[in-house]
Structure formats: structure tokens, C-alpha cells
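This report concerns only the one structure given below.
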Amino acid sequence: GQRDAGIIERATKGLSRPLNVLNATLSTQAYLLGDDFTLADLNLSGVMDLLKMLEFDFSDWPAVKDWLAACYGRESYARAKNVGS
Numbered sequence: 307g308q309r310d311a312g313i314i315e316r317a318t319k320g321l322s323r324p325l326n327v328l329n330a331t332l333s334t335q336a337y338l339l340g341d342d343f344t345l346a347d348l349n350l351s352g353v354m355d356l357l358k359m360l361e362f363d364f365s366d367w368p369a370v371k372d373w374l375a376a377c378y379g380r381e382s383y384a385r386a387k388n389v390g391s
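What follows is the structure, encoded as C-alpha cells:
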């Protein structure tokens, strides 16, 4: 179906604050808790996968976009995502 621009705009506004905080954190370190990939990264990137499926535009949050690419590119992420498939 058609994408509703109003819904997308409201959702983006609602996500702006937490994404700004996340982007600031990931601008200074590779992962949520520092230099190592942890369960926290796996958990949050899994939730963020919903936004990816909705083709959410992360261009205003480049550190988040890079972090997601790093998470999704991990072999362990692919294995975890395929559990139960």
C-alpha cells in the first residue's frame, strides 16, 4: 500500500530524541557499551531491525546507521536471527 507521510513524520519526530542520544553515544565508541559487541547490541539492533524493514531513513543519525551495518554484518547476528527458522 501507500506510505502515509504524516505517520512517517510523527514516527520520526517520536524517535528523534532517543536516536539523537544513541547517535551521540555511537559517535564516540563502536558499540553500546564500548569497543566490544555485547548482548545489548544484539538486543537493540534486533529491535531496530523493525525500522529497517520499514525502510526507516537513518541518514540524520550516521553513527546509528554505521553501528547497525556493523551489527547486521556480524556472523553471530545472522546466526541469532536464524534461530528457530
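Residue numbers 307 to 391, in our numbering, belong to the letters of the sequence shown in order. Glycine included, every Cβ here is placed at the ideal spot set by N, Cα and C.
Beta-carbon gap between residue i and residue j smaller than 8 angstroms
| i | j | result |
| --- | --- | --- |
| residue 370 | residue 321 | no |
| residue 330 | residue 338 | no |
| residue 348 | residue 373 | no |
Residue nearest to residue i in terms of C-alpha spacing, selected from the options
| i | options | result |
| --- | --- | --- |
| residue 375 | 312, 309, 350 | 350 |
| residue 336 | 384, 368, 311, 315 | 368 |
| residue 359 | 332, 343, 378 | 378 |
Backbone secondary structure at residue i - three-state DSSP
| i | result |
| --- | --- |
| residue 340 | strand |
| residue 366 | coil |
| residue 323 | helix |
| residue 349 | helix |
| residue 388 | coil |
| residue 310 | coil |
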